[in-house]
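Offset between the sequence shown (1-based) and the numbering used here: plus 68.
All C-beta atoms in this analysis are idealised placements derived from N, C-alpha and C, irrespective of residue type, glycine included.
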Amino acid sequence: LCVTRWSSRVDSVRGVRDRLADILKRLTVISLTSKDKKERDEAVGIKKNIAKIDFIINLVLWERILSCTNSTSKELQSKSVDLSAASRLLSISLSELRYLRNSWESVRMTANALAASWGIPIEFEKRRKRGVKQFFDELASDSRIEDSERAFKINIFYRTIDVAVTQIEVRFKGMQMVAEKFDFLFPRNFVKLEVAEIKVATSNLLRVYGEDFDGDDLEREVRSFQVEFLDELKAEDVTSISSILEITYKARIASSFPQLCKLLLLFLTIPVTVASAERSFSKLKIIKSYLRSSMAQERLDGLTLISIENKEITQTLKDKVINHFAFVNARRKDRFSR
Numbered sequence: 069l070c071v072t073r074w075s076s077r078v079d080s081v082r083g084v085r086d087r088l089a090d091i092l093k094r095l096t097v098i099s100l101t102s103k104d105k106k107e108r109d110e111a112v113g114i115k116k117n118i119a120k121i122d123f124i125i126n127l128v129l130w131e132r133i134l135s136c137t138n139s140t141s142k143e144l145q146s147k148s149v150d151l152s153a154a155s156r157l158l159s160i161s162l163s164e165l166r167y168l169r170n171s172w173e174s175v176r177m178t179a180n181a182l183a184a185s186w187g188i189p190i191e192f193e194k195r196r197k198r199g200v201k202q203f204f205d206e207l208a209s210d211s212r213i214e215d216s217e218r219a220f221k222i223n224i225f226y227r228t229i230d231v232a233v234t235q236i237e238v239r240f241k242g243m244q245m246v247a248e249k250f251d252f253l254f255p256r257n258f259v260k261l262e263v264a265e266i267k268v269a270t271s272n273l274l275r276v277y278g279e280d281f282d283g284d285d286l287e288r289e290v291r292s293f294q295v296e297f298l299d300e301l302k303a304e305d306v307t308s309i310s311s312i313l314e315i316t317y318k319a320r321i322a323s324s325f326p327q328l329c330k331l332l333l334l335f336l337t338i339p340v341t342v343a344s345a346e347r348s349f350s351k352l353k354i355i356k357s358y359l360r361s362s363m364a365q366e367r368l369d370g371l372t373l374i375s376i377e378n379k380e381i382t383q384t385l386k387d388k389v390i391n392h393f394a395f396v397n398a399r400r401k402d403r404f405s406r
């Protein structure tokens, strides 16, 4: 499991789900044939914990949750992604998670089929009913959930998905608020704007970026651009704010719409995430792990350079390094053979 790539998590969970029967077979072999008692006990314990329907449902659930967010996670790490695309991707992920919340039966059926491949019981273990003293002011709704499957559905299935949805909404709320202020610039909205709507949209934007723009000039340029380039904005290939900026540069009229071009550039240069910086830093974490904590700085610098410039090293230095290594070893052999 790679600590620097979210994709490795969904790949790991999916691998366990797809190879669960093989994992159980191998644990059975280890528990029966291993000569190490500790190893046998660990294999028995692991097998006992994963050969349960609640573990399998959790496995299926997490695979679906991570699959819903995996493509969004990859796109958010792209250098070309902008706020509009990021906001749209997050909305899609939230819709998929909300749909998953209402798909208990589908998750249950998938888990049942997976359990049947190894003969695992598909019923939840019945728990002993706890004897709790009842007070005179208690209501029927205060009673505990006795059905194990219903308790799992409420306390784990719903709660896990609700936490995922809430975290996405909270963490990206600010980004979506910023994207909404620029929403009128999208081609699908730009072509439909009325004069009053342009005035309201630019006024809302100037409340945040008032020091960077002239309000009257910006409103005038937005109206003029809409009228002059209405046909270009309706083209099928014009689907993003970057497409509008390309229109201004191809027509060589950027100097005629300085405030509008400045606004478009501002939107396109607002950072979505810091994933690129995290990836650059993660190279050092991958190379200098806890297994190589005694590595000298010079060797670490060399390995870091080789890892970052892997393609260049492979193409230009591979043959030279091999030939030099062979030459040095050949000289050593001749020296000791005398």
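Which residue from the options puts its Cα closest to that of residue i?
{"i": "residue 244", "options": "338, 299 and 178", "result": "338"}
{"i": "residue 334", "options": "285, 273, 391 and 376", "result": "273"}
{"i": "residue 117", "options": "178, 193, 373 and 163", "result": "193"}
{"i": "residue 93", "options": "235, 186, 281 and 282", "result": "186"}
{"i": "residue 281", "options": "242, 149 and 326", "result": "326"}
{"i": "residue 268", "options": "284, 279 and 256", "result": "284"}
{"i": "residue 309", "options": "330, 295, 324 and 124", "result": "330"}
{"i": "residue 86", "options": "107, 178, 275 and 158", "result": "178"}
{"i": "residue 134", "options": "286, 300, 233 and 239", "result": "233"}
{"i": "residue 336", "options": "171, 253 and 242", "result": "253"}
{"i": "residue 300", "options": "287, 318, 223 and 286", "result": "318"}
{"i": "residue 99", "options": "109, 321 and 147", "result": "109"}
{"i": "residue 340", "options": "106, 105 and 144", "result": "144"}
Taking all protein chains shown into account, do 16 or more other C-beta atoms lie within 10 angstroms of the C-beta of residue i, making it buried, or fewer, making it exposed?
{"i": "residue 126", "result": "buried"}
{"i": "residue 227", "result": "exposed"}
{"i": "residue 367", "result": "exposed"}
{"i": "residue 393", "result": "exposed"}
{"i": "residue 262", "result": "exposed"}
Please report how far the alpha carbon of residue i lies from the alpha carbon of residue j, in whole angstroms.
{"i": "residue 183", "j": "residue 161", "result": "28 Å"}
{"i": "residue 167", "j": "residue 246", "result": "26 Å"}
{"i": "residue 388", "j": "residue 382", "result": "10 Å"}
{"i": "residue 266", "j": "residue 312", "result": "16 Å"}
{"i": "residue 231", "j": "residue 260", "result": "38 Å"}
{"i": "residue 101", "j": "residue 111", "result": "11 Å"}
{"i": "residue 298", "j": "residue 292", "result": "10 Å"}
{"i": "residue 188", "j": "residue 154", "result": "42 Å"}
{"i": "residue 190", "j": "residue 84", "result": "18 Å"}
{"i": "residue 369", "j": "residue 375", "result": "10 Å"}
{"i": "residue 395", "j": "residue 332", "result": "59 Å"}
{"i": "residue 152", "j": "residue 256", "result": "13 Å"}
{"i": "residue 314", "j": "residue 174", "result": "46 Å"}
{"i": "residue 391", "j": "residue 372", "result": "23 Å"}
{"i": "residue 103", "j": "residue 195", "result": "36 Å"}
{"i": "residue 378", "j": "residue 251", "result": "41 Å"}
{"i": "residue 89", "j": "residue 122", "result": "16 Å"}
{"i": "residue 82", "j": "residue 159", "result": "24 Å"}
{"i": "residue 323", "j": "residue 165", "result": "46 Å"}
{"i": "residue 147", "j": "residue 214", "result": "51 Å"}
Below 8 Å on the Cβ atoms is my guess for residue i versus residue j; work out the distance and round it to an integer in Å.
{"i": "residue 95", "j": "residue 115", "result": "4 Å"}
{"i": "residue 176", "j": "residue 229", "result": "The pair is not a contact, with the Cβ atoms about 14 Å apart (cut-off 8 Å)."}
{"i": "residue 129", "j": "residue 240", "result": "Going by Cβ atoms, the distance from residue 129 to residue 240 rounds to 22 Å, so no, they are not a contact pair."}
{"i": "residue 249", "j": "residue 290", "result": "Rounded, the Cβ-Cβ distance is 14 Å, inconsistent with contact."}
Output yes if chain B places a C-beta closer than 8 Å to the C-beta of residue i; else output no.
{"i": "residue 233", "result": "This model lacks chain B altogether; it includes just one protein chain."}
Determine, using beta-carbon pairs with one atom in the segment 215–235 and one in the segment 297–316, whether at least three such pairs fall under 8 Å. Contact fails between the segment 215–235 and the segment 297–316, because fewer than three Cβ pairs, one in each stretch, are under 8 Å apart.
Counting Cβ pairs closer than 8 Å, one from the segment 136–153 and one from the segment 75–87, do we hit at least three? Contact between the segment 136–153 and the segment 75–87 is present: three or more C-beta pairs spanning the two stretches fall below 8 Å.
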